[in-house]
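In this note's numbering, the protein residues as written are 18 to 78.
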């Protein structure tokens, strides 16, 4: 897998995780979560996505 494909896959996964966590919604549309809970949700989503991507990349080589 080329470096550009790897970077594109990681960026896609991170953006997908952020969208799923509601990071790009205006504040008044977001679920009513406390700020630390929302930050943890976003961080957890990104870390899960990165772990999944790393596992997928290492198993396909």
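Virtual Cβ for every residue (Gly too), placed ideally from N, Cα, C.
Out of curiosity, what's the CA-to-CA distance linking residue 72 and residue 31? 15 Å
Please go through the same chain and pick out, in chain order, the residues whose beta-carbon is closer than 6 Å to the beta-carbon of residue 63, but skip the five residues on each side of it. 31 and 34
So what's residue 19 in DSSP terms, helix, strand or just coil? coil
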